[in-house]
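Worksheet for the structure shown next.
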Amino acid sequence: MIIITFSSFGINILSTHADSSNKEVIFVVDPNSENQYYSDFIYSLIGTLKELREESQYKFFSLNSPHKSLIFDSNAVDSDAQIENLLQWMKNDENMDSVTVLGVITEIVNELTLTNAAEGSVINFIVHDNLEISSEESKIIETLLETIASKKWILNFIYKYDTDRSLIDKYKTWAQWTTGGIYPMVTPDTIELITENTIKQHAERILSNDFKGIVEKNSIFQQEIFVSPGTSELEIVMFRTKTEGNVAIITPGGVNRTAGNYGPTDLLETPFVSIWKFTDPTPGKWLFKISDYYSGLLSISHRNKIDYNIQLIDKGPFPTKNSVQLVTNMIKGKGSDILISKDAYVELIFDNKISYEMNDNGINGDAYAEDGYYSMIIPDVNEPGEYNVEIKYSWPNYGTSISDLTKINFELFPYIISDPVTLDNINLNENTSIAIIESYLGDEKYFVNSDDIKWAVSADALDFDIKINPVDPIQDGRASKFEANLSTTKYGKANISFRLDSMYKNKKYVIYANSMVITTIPEPIIEKIIIKEDPKKPADAIQDKIDEQSNFVIILSSIAAVIIILILIIGIILMINYSRRVSIRGYIYDDKNNLVIDMNSISRSLQNKILNRNKIKGEEFDNDLFNGLLFEYMQDYMIIHNYTGKSLRINNQPLIKEKEIFNKAWLGISGNLLLYSDNKL
Numbered sequence: 005m006i007i008i009t010f011s012s013f014g015i016n017i018l019s020t021h022a023d024s025s026n027k028e029v030i031f032v033v034d035p036n037s038e039n040q041y042y043s044d045f046i047y048s049l050i051g052t053l054k055e056l057r058e059e060s061q062y063k064f065f066s067l068n069s070p071h072k073s074l075i076f077d078s079n080a081v082d083s084d085a086q087i088e089n090l091l092q093w094m095k096n097d098e099n100m101d102s103v104t105v106l107g108v109i110t111e112i113v114n115e116l117t118l119t120n121a122a123e124g125s126v127i128n129f130i131v132h133d134n135l136e137i138s139s140e141e142s143k144i145i146e147t148l149l150e151t152i153a154s155k156k157w158i159l160n161f162i163y164k165y166d167t168d169r170s171l172i173d174k175y176k177t178w179a180q181w182t183t184g185g186i187y188p189m190v191t192p193d194t195i196e197l198i199t200e201n202t203i204k205q206h207a208e209r210i211l212s213n214d215f216k217g218i219v220e221k222n223s224i225f226q227q228e229i230f231v232s233p234g235t236s237e238l239e240i241v242m243f244r245t246k247t248e249g250n251v252a253i254i255t256p257g258g259v260n261r262t263a264g265n266y267g268p269t270d271l272l273e274t275p276f277v278s279i280w281k282f283t284d285p286t287p288g289k290w291l292f293k294i295s296d297y298y299s300g301l302l303s304i305s306h307r308n309k310i311d312y313n314i315q316l317i318d319k320g321p322f323p324t325k326n327s328v329q330l331v332t333n334m335i336k337g338k339g340s341d342i343l344i345s346k347d348a349y350v351e352l353i354f355d356n357k358i359s360y361e362m363n364d365n366g367i368n369g370d371a372y373a374e375d376g377y378y379s380m381i382i383p384d385v386n387e388p389g390e391y392n393v394e395i396k397y398s399w400p401n402y403g404t405s406i407s408d409l410t411k412i413n414f415e416l417f418p419y420i421i422s423d424p425v426t427l428d429n430i431n432l433n434e435n436t437s438i439a440i441i442e443s444y445l446g447d448e449k450y451f452v453n454s455d456d457i458k459w460a461v462s463a464d465a466l467d468f469d470i471k472i473n474p475v476d477p478i479q480d481g482r483a484s485k486f487e488a489n490l491s492t493t494k495y496g497k498a499n500i501s502f503r504l505d506s507m508y509k510n511k512k513y514v515i516y517a518n519s520m521v522i523t524t525i526p527e528p529i530i531e532k533i534i535i536k537e538d539p540k541k542p543a544d545a546i547q548d549k550i551d552e553q554s555n556f557v558i559i560l561s562s563i564a565a566v567i568i569i570l571i572l573i574i575g576i577i578l579m580i581n582y583s584r585r586v587s588i589r590g591y592i593y594d595d596k597n598n599l600v601i602d603m604n605s606i607s608r609s610l611q612n613k614i615l616n617r618n619k620i621k622g623e624e625f626d627n628d629l630f631n632g633l634l635f636e637y638m639q640d641y642m643i644i645h646n647y648t649g650k651s652l653r654i655n656n657q658p659l660i661k662e663k664e665i666f667n668k669a670w671l672g673i674s675g676n677l678l679l680y681s682d683n684k685l
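For the sequence shown, the numbering used here begins at 5 and goes up steadily by one.
Put into structure tokens, the structure is as follows:
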């Protein structure tokens, strides 16, 4: 009897893996069994594990000679030779001693104790014949099971389907004592289950099951297998009930890769499992075909080895209540080789709820087109904490996809608030305090340098300078409160916004405060000087009256002529002005490039077409999201007027009253991220 260990998903397989050098996997086998099915089962199971799990190791004990063992190393090149050595070792051990379950369990417990085996180490009995276990042996074995359970090792039994019921019950009691299990020796199901669970337990590349079912006799069965771009190795695994059937594996180019000069890179053939390996496989749809298979149950799986890993360039921390740009790519190992795939569809699933399309087209936050970096902008996240992010690459043309899960972190970052002081009737050539700016982290004051507070302006013929002065700074010059002083030499008005442009937790970030509008005192009006004349003599007055009456008709005619000319001039000016007005234009898209508003196709009244040719109210969009907004078009840009009373954002800057925007501008309205474009995307 030989012991085999499984673990994961109810089955625990004894194996030593590179990342868990003291987690043992042990198989116990029975050399006295001359059953071919038993030998074929071990051959297929161990061969499959060896082929699919690199850098793993398995240790075998014999029921005949508990003191003897054999180590099976998956790094050995020749699988068939190693398995033949195992079978020969079993054969040479036949009838050397009597079968002793107690002896082998004792030897294994001593071995695992000596090597200080880790929790989760597994002891698996592969039992073919009914074992004879006396009541005295059972009592001692139960003592050993207490040691196994205390060490959190696992004991499993794989038994023949016609084993005595009483013995199966004993196996079950012992296995459950150590959180193990019992499993019937059925092919190919048990081998497939052990293989899949072992791979899962050690967090290795999983097998993707393509088909499992009954294949009809005298039929040609075929199954599509899809290979992703960036795949360096393809493994196709067939679990079958018997050794029969003719297999063909066809590439996307129509080449049969099962034989001849086009054969696989590596091939393992066992009684119940066959594995084909192909290096640098062609991406696309492969075809697995089998004929002359009469045994019914068949299972086909595959796995791709992709040398490229999905990475999120920055995982935070990011500031809350601020739009964030996320960038991802697929990189090979630790090098600089980035996968560029023009037909990939990349999406980011945020917090297991919202899916965003990422793009490599040089738009919507992406810096450069087709450089392998995919980008998107997440709207404001209000609450701090860790959020789940799944990045998924899909290739619809190949029917494949890969994904990766990670987390990004949002935290409270320092921010500023601006309180207006003097906004109206600002005198020229004087320093005027226009705002008090305070910086906070959460509800607590936060000290920053005055250079960290920046300002931006949109001005109407207003030339000025703003100085940010700290109030009650600490010793190093930082402060949590600042005064903004303005000095100007010209009349007018301006829209000013302040922002905190700083470093926090080794990250550069920008957060805006509300904007404000300032106006200077009105420009003085220069009145005309009227000079009074001396009273005229009566004779002169009479003559003047005669002259006035005589010229009255001429004056009336002149006035009429002037009025007619003015009407013509005004009409011409209005026509020229109307012709110079630009018409409304452009398109508004959501953050997935879905068209929301087509400005060019909005139905307008004749009055609006004439009087408001270059203006349109948001109410005309028939979309409540734009109510209270006025869009005014100029030759090369557009002005958005905000009459909603709410703070909106343009390119991540606050919009309070009005702001100029140009082509490809981002609009933040009520939590929706929109893109304005002059041209159709």
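Note that beta-carbon positions come from the ideal geometry of N, C-alpha and C, so glycine has one too.
Since we're looking at a predicted model, the values are computed, not measured.
Residue from the options whose Cα sits closest to the Cα of residue i
i, options, result
"S454", "S437, N435, V475", "V475"
"S491", "P477, I525, S60, S519", "I525"
"K467", "K494, D447, E487", "One detail in the question is off: residue 467 reads as Asp in this sequence, not Lys. Cα-wise, what sits closest to D467 is K494."
"F414", "K511, E351, A488", "K511"
"D133", "I145, K164, E146", "K164"
"P287", "L118, I358, P233", "P233"
"K509", "P528, G481, L445", "L445"
"F354", "V32, R503, P383", "P383"
"K449", "V251, I478, N160", "I478"
"I606", "N356, K596, D595, N627", "N627"
"V593", "A565, I457, L678, I515", "Sequence inspection shows Tyr at residue 593; the Val mentioned does not correspond to that position. The residue with the shortest Cα to Cα distance from Y593 is L678."
"L135", "L197, N36, I568", "N36"
"N401", "Y349, L416, S43", "Y349"
"K684", "M642, F625, N597", "N597"
"I457", "G481, P424, D447, D505", "D505"
"I358", "K54, E394, E200", "E394"
Span separating the alpha-carbon of residue i from that of residue j
i, j, result
"L560", "I576", "24 Å"
"N473", "S443", "13 Å"
"I344", "G649", "46 Å"
"S25", "N368", "Confidence at S25 is low in this model, with a pLDDT of 46, below 50, so its placement is unreliable and the value that follows should be read with caution. So the two alpha carbons sit approximately 48 Å from each other."
"T426", "K396", "52 Å"
"S609", "M579", "20 Å"
"Y175", "L316", "49 Å"
"L352", "Q226", "34 Å"
"T262", "K289", "16 Å"
"K63", "K27", "12 Å"
"N499", "S519", "7 Å"
"K72", "N114", "13 Å"
"S2", "N656", "In the structure as shown, the chain starts at 5 and stops at 685, and residue 2 therefore has no counterpart that could be examined."
"M334", "G376", "7 Å"
"W670", "I381", "10 Å"
"V29", "P418", "53 Å"
"E150", "I109", "12 Å"
"L615", "S587", "12 Å"
"G258", "L238", "17 Å"
"K663", "D423", "21 Å"
Inter-residue CB distance, residue i and residue j (contact presumed, cutoff 8 Å)
i, j, result
"G687", "R653", "This structure gives no information on residue 687, because the portion of the chain shown stretches from 5 to 685."
"Y203", "L211", "The sequence shown places Ile at residue 203, not Tyr. The pair is a contact, with the Cβ atoms about 7 Å apart (cut-off 8 Å)."
"G622", "M603", "Their Cβ separation, rounded to whole angstroms, is 11 Å, which puts G622 and M603 out of contact at 8 Å."
"F322", "I412", "7 Å"
"L272", "G51", "6 Å"
"S78", "T274", "The pair is not a contact, with the Cβ atoms about 15 Å apart (cut-off 8 Å)."
"K497", "I515", "Their Cβ separation, rounded to whole angstroms, is 26 Å, which puts K497 and I515 out of contact at 8 Å."
"V452", "R482", "6 Å"
"F65", "I112", "6 Å"
Beta-carbon spacing of residue i, residue j below 8 Å
i, j, result
"F292", "I253", "yes"
"F502", "I438", "no"
"G249", "Y312", "no"
"V331", "Y378", "yes"
"N646", "I660", "yes"
"T404", "F282", "no"
"N128", "F31", "yes"
Any chain B beta carbon closer than 8 Å to residue i
i, result
"V131", "No chain B appears in this structure, which consists of one protein chain only."
- Flag this pair as touching only if the stretch 244 to 258 and the stretch 293 to 310 have three or more C-beta atom pairs under 8 Å; answer yes or no. yes
- Inter-stretch contact at 8 Å, needing at least 3 Cβ pairs: the stretch 171 to 183 / the stretch 139 to 154: yes
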